[in-house]
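There are 2 protein chains.
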Amino acid sequence: MDVAHLAGVSVAAVSRAFTPGASIAPATKQRVMEAAATLGYQPNVIARSLIQRRSNLVGLLMSGWNNFGYVDVLRRLTERLEAEGYEVILKSVLEPEQVSECVRQVLRYQVAAIAVVSEALPAEITAECTQRGVPVVLVNRIGTGSGNSSVSLDGVYLGHQIADFLLAREHRRIALLQGRADINFLTDAMNAISERVAAAAGCEIAARLDGVLGYDAGRRAINELFQQDQRPDAVFCTFDETAIGVVDGARFDLGVRVPEDLAVIGNSNRASAAWASHELTSVEYPRDEVIDHCIRILLARLDDPELEPEVVLIKPDLVIRSSTRGKPV
Amino acid sequence: MDVAHLAGVSVAAVSRAFTPGASIAPATKQRVMEAAATLGYQPNVIARSLIQRRSNLVGLLMSGWNNFGYVDVLRRLTERLEAEGYEVILKSVLEPEQVSECVRQVLRYQVAAIAVVSEALPAEITAECTQRGVPVVLVNRIGTGSGNSSVSLDGVYLGHQIADFLLAREHRRIALLQGRADINFLTDAMNAISERVAAAAGCEIAARLDGVLGYDAGRRAINELFQQDQRPDAVFCTFDETAIGVVDGARFDLGVRVPEDLAVIGNSNRASAAWASHELTSVEYPRDEVIDHCIRILLARLDDPELEPEVVLIKPDLVIRSSTRGKPV
DNA sequence: GGCAAGCCTGAATACGTTTACAATCATCCT
DNA sequence: AGGATGATTGTAAACGTATTCAGGCTTGCC
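Structure below.
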C-alpha cells in the first residue's frame with residue numbers, strides 16, 4: 333500500500349495506526365497518519381469487514397413511511413446506531429411480499445443486525461437470520477410466536493383506555509376507522525374497543541371501516557357515515573391525519589360541532605394534533621421509548637447471540653385535548 | 333466454500349452461477365442454486381466489492397430532516413437507487429461541521445456515489461471525492477463555484493413570483509419569516525422579495541426575521557409583530573408549519589381575519605397546507621423533479637466520471653389557496 | 001476420421017485489510 | 001555483563017469473491 337511505503341513502514345503498521353488500542357509507537361502512528369493525510373487515504377472498511385467476517389452495518393427496513401411519524405423513528409434510530417459505531421443500510425419495503433427479498437439483500441452485506449419497521453417476517457427468513465446469528469427486531473409488529481424480538485404498543489390496553497374514556501363521557505355510538513389492517517396492535521385495539529363497547533348497556537359500534545387512511549379518506553368517511561344515517565357520536569381513527577379529516581369533514585361539510593356533537597380521537601399524536609385549529613385528542617406514540625428498546629435489544633444480542641427473543645409491549649397514554657368533551661359526565 | 337463442495341463444482345463455478353451473463357451451463361447453474369438454497373447461502377457482496385474495488389453502495393447524508401417533506405425525498409431517492417441496483421447507506425448529519433466526517437465515513441465503504449440533502453460541502457472534501465472519482469450531488473444547496481453538482485430551486489424566480497403575487501393584490505406591508513438562514517435559495521428568495529417590494533411605491537418590508545421555524549415559532553412571531561405595531565398585511569414563511577402557526581395565531585390569538593386582514597403564504601406545500609382548516613397558499617416543492625435530476629446526475633457520472641458538475645435550478649409554482657385574497661385588485 | 005471452433009470448467013491470482021507469530025530492540029534488574 | 005521483560009515491528013496467512021488463462025469437452029463440418 334502506498335501509505336505504508338510513504339511512511340516507510342509495513343502494511344501491518346498502517347492497520348495498527350488506524351486500530352484504536354493496537355500496539356504501535358506514538359511516533360510511528362504519527363508518521364502513518366501524516367502519510368495518510370497527504371495521500372487522502374481512508375481505510376477500506378470493506379476489506380476489514382471481509383476478514384472480520386462481520387460488518388458494522390445494520391439493515392433498516394422501512395415500510396409505511398408516512399405513518400406514526402416514522403421519520404423521527406428513522407432519524408433517531410440512525411443517530412443512535414451511528415453513536416454506537418454502526419452504519420445504516422436503508423431499504424424501502426414497497427410490498428409485504430418483498431420483505432424476504434430485502435432481508436436477503438442486506439444479509440449479503442454481512443449486516444450485524446436488522447431492524448424492520450412496520451412489517452412482519454416470514455418464518456423461513458427469521459430462520460435464516462437466526463442461523464447466521466444476525467439479531468432482528470420488529471418495530472410496530474408483535475413478534476410473538478415468530479421467533480423475533482419486537483417492540484410494539486399494547487393494543488388491548490390502548491383499546492380499553494379509549495373505550496373507557498368514551499364510555500365515561502356517555503358516548504353511545506362509536507365509529508372505528510382503521511387505516512391498515514396489518515398493524516396487529518391496532519387490530520387488537522379495535523377488537524378491545526368493540527368488546528368493551530358491546531358489553532356496555534345501550535352502546536354500540538356504529539361502524540368499523542378498514543382502509544381509511546389519510547385526510548381525504550377520513551373526510552370522505554365521516555360524510556358517508558352521516559349520509560347513511562349511521563351517525564356516530566364518537567370516532568376513533570388509527571391515524572391523526574384521518575382524524576383531522578374527520579374533524580374538518582364534520583365542521584366544514586356537515587356543520588356538525590366537534591366535540592359537542594361528535595368526539596374525535598386520533599392516534600400517534602403527530603405535531604399537527606396540537607394545532608389550535610383542531611386540538612385533537614390523540615394517543616401518544618412513545619418514539620423515544622420504542623427506539624430505546626430497539627437499540628437495547630439489538631445491542632444485547634450482538635453481545636450475546638444466544639439470548640431469547642424479547643417481545644416488548646408499551647402502554648401508551650392518551651393525550652386529551654378539546655376534540656373530545658372535557659369531563660366525564 | 334461449502335456450496336461448491338455440495339454441488340461438486342469449483343468456487344469459480346459458484347461465482348459464475350451468481351453472476352448474470354457469466355459463462356456457465358444451465359445444468360451446473362441449477363445444481364449450484366440448489367446447493368445454495370439448502371445451505372441458505374447468499375453471496376458475500378463485501379468480498380465482491382473488495383475485488384471489484386467499488387461497492388454498489390450510495391451514501392445518503394440527511395440534514396434538516398423535518399423540512400420540505402424530506403421524508404418523501406428520502407424515500408423516493410432510496411427506492412429509485414434500489415431500482416438501479418444500488419443500496420443506500422444513510423447518515424444523519426447533526427451539525428454542519430460534521431458533514432466532512434460523514435463523507436469520509438461513507439468513503440470508507442467505497443461508495444459509488446454520494447447525495448447530500450440540505451448541507452454544503454467544504455472544498456477539501458469535494459476535492460477528495462473528485463480525486464476518488466466518486467460523484468456527489470447536493471440537494472437544496474446551490475453548488476455553484478464549489479465544484480459540486482446540485483439540484484435546488486430558483487430562489488430569485490421564487491421571490492419574484494411571491495412579490496408580484498402580493499403586490500398585485502395591493503399588499504403594502506410584507507413580513508418575511510425565515511426558518512434557517514443556511515438554505516441559500518431561500519435567502520435568495522428573501523432578498524428578491526425585499527428588492528422588488530422596496531422598488532414598489534408605498535410598499536415596504538414590515539419585518540424580516542430569521543430562526544422562525546415551526547408552528548409555535550410562527551404563532552409567537554405573528555403575535556409579537558402585532559404587539560409591536562409592526563403590523564404586516566401579508567406574511568411569507570419559508571415553511572408551511574410556520575405559516576400555519578401564523579394563521580392560527582392571527583385567528584385564535586389576535587382575532588385577525590385571514591385572508592381579509594392578513595395574507596399568509598407558506599412554502600413546500602406539505603399535505604397539511606391543503607387542509608380545509610387552513611387552505612394555505614404555498615410554493616410547490618417539486619419532489620419528483622428534484623429526485624429525477626439527482627438520479628440522472630449521479631448515474632451519468634457513474635457512467636462517465638469526467639463529466640463537469642451540473643447545477644440545476646428548478647422554477648417552482650405557486651399553489652394558490654384561500655389564505656390569500658382571491659383575485660388581483 | 002480429423003480438424004476447427006465454441007462452450008464450460010478449474011486452478012491460480014488478486015483485492016486491502018486483520019491478526020497470529022516470530023523477530024527485533026531497548027530497558028531494567030541482578 | 002547477561003539475561004529477562006516488555007513494547008514494537010514485520011512476515012505471512014487468511015477472508016470470500018471475480019477474473020484470467022489454459023485445458024477439456026462437445027459439436028459440426030469437410
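If you read the protein sequences in the order shown, they are chains B and X.
Quick note: to get the working numbering, add 332 to the position in the first sequence (first position is 1).
Quick note: to get the working numbering, add 332 to the position in the second sequence (first position is 1).
All C-beta atoms in this analysis are idealised placements derived from N, C-alpha and C, irrespective of residue type, glycine included.
In this text, all values refer to a predicted model and were calculated from it rather than measured experimentally.
Residue i at chain X interface by Cβ criterion, 9 Å
i	result
His610 of chain B	yes
Asn523 of chain B	no
Glu460 of chain B	yes
Arg464 of chain B	yes
Ser600 of chain B	no
Glu419 of chain B	yes
Arg551 of chain B	yes
Under 8 Å from the C-beta of residue i: neighbouring residues of chain X
i	result
Glu414 of chain B	Lys423, Ser424
Arg407 of chain B	Met394, Trp397, Ser424
Arg436 of chain B	Gln374
Ser387 of chain B	Ile378
Chain B contact for residue i (CB, 9 Å cutoff)
i	result
Glu556 of chain X	no
Asp580 of chain X	yes
Ala445 of chain X	no
Ile643 of chain X	For the record, residue 643 of chain X in the displayed sequence is Val; it is not Ile. Chain B, which has no Cβ nearer than 9 Å to the Cβ of Val643 of chain X, makes this no.
Ala603 of chain X	yes
Ser347 of chain X	no
Ser654 of chain X	no
Leu338 of chain X	no
Glu573 of chain X	yes
Check: residue i C-beta below 8 Å from any heavy atom of the ligand FAD
i	result
Val488 of chain B	Among the ligands in the structure shown, none appear at all, so the ligand FAD cannot be discussed.
Contacts that residue i makes with chain B (C-beta to C-beta distance below 9 Å)
i	result
Thr410 of chain X	Met394, Leu422, Lys423, Ser424
Ala452 of chain X	Within 9 Å Cβ-Cβ: nothing; Ala452 of chain X doesn't reach chain B, min ~20 Å.
Same chain only: Cβ atoms within 7 Å of residue i, ignoring 5 sequence neighbours per side
i	result
Tyr441 of chain B	Ser387, Leu389, Ile421
Pro641 of chain X	Gly475, Gly479, Asn480, Ser481
Ser395 of chain X	Val425, Val449, Ser450, Glu451
Gly417 of chain X	Asn388
Pro375 of chain X	Phe350
Ala513 of chain B	Thr519, Asp542
Contact list for residue i against chain B, beta-carbon separation under 7 Å
i	result
Ile576 of chain X	Trp607
Gln442 of chain X	Asn376, Ile378
Tyr547 of chain X	Ala603, Trp607
Leu663 of chain X	Nothing can be reported for residue 663 of chain X: it is not among the residues displayed for chain X, which extend from 333 to 661.
Closer than 7 Å at the beta carbon, the chain X residues around residue i
i	result
Phe328 of chain B	This structure gives no information on residue 328 of chain B, because the portion of chain B shown stretches from 333 to 661.
Beta-carbon contacts of residue i that lie in its chain and below 6 Å, excluding the five residues immediately before and after
i	result
Leu413 of chain X	Val390, Val420
Phe568 of chain B	Ile494, Leu508, Ile597
Ala524 of chain B	Val488, Gly491, His492
Phe558 of chain X	Leu586
Ile652 of chain B	Thr613
Glu638 of chain B	none
Residues that residue i contacts on chain X, provided the C-beta gap is smaller than 9 Å
i	result
Val403 of chain B	Trp397, Asn398, Tyr402, Val403, Leu406
Cβ-based neighbour list, residue i, same chain, cut-off 8 Å, excluding 5 preceding and 5 following
i	result
Arg619 of chain X	Gly401, Asp404, Val405, Arg408
Arg633 of chain B	Ala445, Pro467, Ser481, Leu639
Ile646 of chain B	Val483, Ser484, Leu485, Asp486, Pro618, Glu621, Val622, His625
Exercise. Using 8 Å as the threshold, is the segment 533 to 551 of chain X in touch with the segment 506 to 524 of chain X, meaning 3 or more CB pairs across them?
Worked result: The segment 533 to 551 of chain X, when compared against the segment 506 to 524 of chain X, does touch it at the 8 Å Cβ threshold.
Exercise. Do the segment 587 to 603 of chain X and the segment 355 to 363 of chain X make contact, defined as three or more Cβ pairs closer than 8 Å?
Worked result: The segment 587 to 603 of chain X vs the segment 355 to 363 of chain X: no contact.
For this session: Taking only beta carbons into account, state which residues of the segment 355 to 384 of chain X come closer than 7 Å to chain B, listed in chain order.
Result: Look at the segment 355 to 384 of chain X: the residues with a C-beta under 7 Å from a C-beta of chain B are Gly372, Gln374, Pro375, Asn376, Val377, Ile378, Ala379, Ser381, Leu382.
Exercise. At a cut of 8 Å, does the segment 466 to 475 of chain B reach the segment 446 to 456 of chain B through at least three beta carbon pairs?
Worked result: The segment 466 to 475 of chain B, when compared against the segment 446 to 456 of chain B, does touch it at the 8 Å Cβ threshold.
Exercise. Just checking, does the segment 398 to 412 of chain B make contact with the segment 368 to 383 of chain B on the three C-beta pairs under 8 Å criterion?
Worked result: No contact exists between the segment 398 to 412 of chain B and the segment 368 to 383 of chain B.
Exercise. Would you say the segment 580 to 587 of chain X touches the segment 548 to 564 of chain X, given that touching needs at least three Cβ pairs under 8 Å?
Worked result: The answer is yes - the segment 548 to 564 of chain X touches the segment 580 to 587 of chain X, with three or more Cβ pairs under 8 Å.
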